[in-house]
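Here is the structure we will look at, set down as structure tokens.
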Amino acid sequence: MPPLPQTEEFCNLAQRIIWFETPSVALHDGARFMAYAFRYATFQDMKTIRAVFNDDDLRKALASAPPGIIDARSWSYWHAVLGVFPPPQQ
203 MPPLPQTEEF CNLAQRIIWF ETPSVALHDG ARFMAYAFRY ATFQDMKTIR AVFNDDDLRK
263 ALASAPPGII DARSWSYWHA VLGVFPPPQQ
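Residue numbers (the numbering used here): 203 to 292.
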């Protein structure tokens, strides 16, 4: 996955999605940030993320997500949205 932009918009996203860390720490690891986004981001948050990253980037982020962050419902949902069938076991 390409590096996450360090823009004000993405810092605001990071503050909402990974509320327990500073935005600079949250945006340091793209795969981890995206795992939290797959779980906690709103529709509008994902519109912002998807304006920067394409579906291939999101598939790579989903495939490399650290374990234990994405819940089962979000795991199934994002695999369906991104056309990965069947979703791998968590």
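Every residue, glycine too, gets a C-beta built ideally from N, C-alpha and C.
(1) Hey, I220 and Y238 are a contact pair by Cβ (cut 8 Å); roughly how many whole angstroms apart?
(2) Out of S226, M203, R218, which one is the CA nearest neighbour of T209?
(3) Could you have a look at L206 and say whether DSSP puts it in helix, strand or coil?
(4) If you check the beta carbons only, do A263 and G232 fall under 9 Å apart?
(5) If you draw a straight line from the C-alpha of A243 to the C-alpha of R218, how long is it?
Let me lay it out:
(1) Right, their Cβ atoms sit about 5 Å apart.
(2) Just measuring C-alpha positions, the residue of S226, M203, R218 sitting nearest T209 is S226.
(3) Three-state result, L206: coil.
(4) Using a Cβ distance threshold of 9 Å, A263 and G232 count as a contacting pair.
(5) Distance between the alpha carbons of A243 and R218 is about 8 Å.
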